[in-house]
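For what it's worth, our numbering labels the leading residue of the sequence shown as 551, then goes sequentially.
Quick reminder that beta carbons are idealized off the backbone N, C-alpha and C, glycines included.
Predicted, not measured: the structure shown is a model, and the values here were computed from it.
Here the structure is laid out as structure tokens; the discussion comes afterwards.
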Amino acid sequence: LLKSYENVSDEAERVRKVLEAARQERQELAAKVRSHEAVRHEAERQAEDAQKEVESVKDKMRKFAKTKQQKILELEEENERLREEQEKSVTKRDNVALKAEAERLQDEAGALKAELEAVKAERDSLEQQIEDLKEQLTHTVERNQEMSETPLNHAAVIEEVVTVR
Numbered sequence: 551l552l553k554s555y556e557n558v559s560d561e562a563e564r565v566r567k568v569l570e571a572a573r574q575e576r577q578e579l580a581a582k583v584r585s586h587e588a589v590r591h592e593a594e595r596q597a598e599d600a601q602k603e604v605e606s607v608k609d610k611m612r613k614f615a616k617t618k619q620q621k622i623l624e625l626e627e628e629n630e631r632l633r634e635e636q637e638k639s640v641t642k643r644d645n646v647a648l649k650a651e652a653e654r655l656q657d658e659a660g661a662l663k664a665e666l667e668a669v670k671a672e673r674d675s676l677e678q679q680i681e682d683l684k685e686q687l688t689h690t691v692e693r694n695q696e697m698s699e700t701p702l703n704h705a706a707v708i709e710e711v712v713t714v715r
């Protein structure tokens, strides 16, 4: 009877130790989950901040492109006006000066068009970067969720095994 009592006592102590280890592991895993959750929230906040910044930059780019297009239209109108004046001009010297001014305006309009194209390309690049950041965030969140779910299932299995014994 004493031997049985010692065996039961030893077995109860072993079960208590296993339960304590499982409880401690579960607490550690819960702390890890909270840590991953905090990291995920921070990543989401950073993504939102980045999205806001990108939207701000896109808005500025749109306004910039609009003003440049307006400037191009004004220059083209001025160029047309100068061409009309040139056609009416009688002297060759006046024609030469008007041609130079028209060429200058055409060059300036061409430069502004090139600048507008560069701005559009930069906007497209920023939009691509936004998409890439969104994909990275989604991948990070999914990975954190997978990491968070796997250890908890392991702890549940250990706890269930201990409970069955």
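Residue 658 is positioned such that its CB atom lies closer than 8 Å to that of residue 625.
Your pair residue 677 and residue 618 does not check out as a contact, with CB atoms roughly 19 Å apart and the cut at 8 Å.
Secondary structure note for residue 623: its alpha helix (DSSP H) is the uninterrupted segment 552 to 638. Rounded to whole angstroms, the Cβ separation of residue 687 and residue 593 is 6 Å, and the two are in contact under 8 Å. Straight through space, the alpha carbons of residue 560 and residue 684 are spaced by roughly 56 Å.
One alpha carbon belongs to residue 574, the other to residue 606, and they sit about 48 Å apart. Burial check for residue 572: the Cβ neighbour count within 10 Å reaches 16 or more, so the residue is buried.
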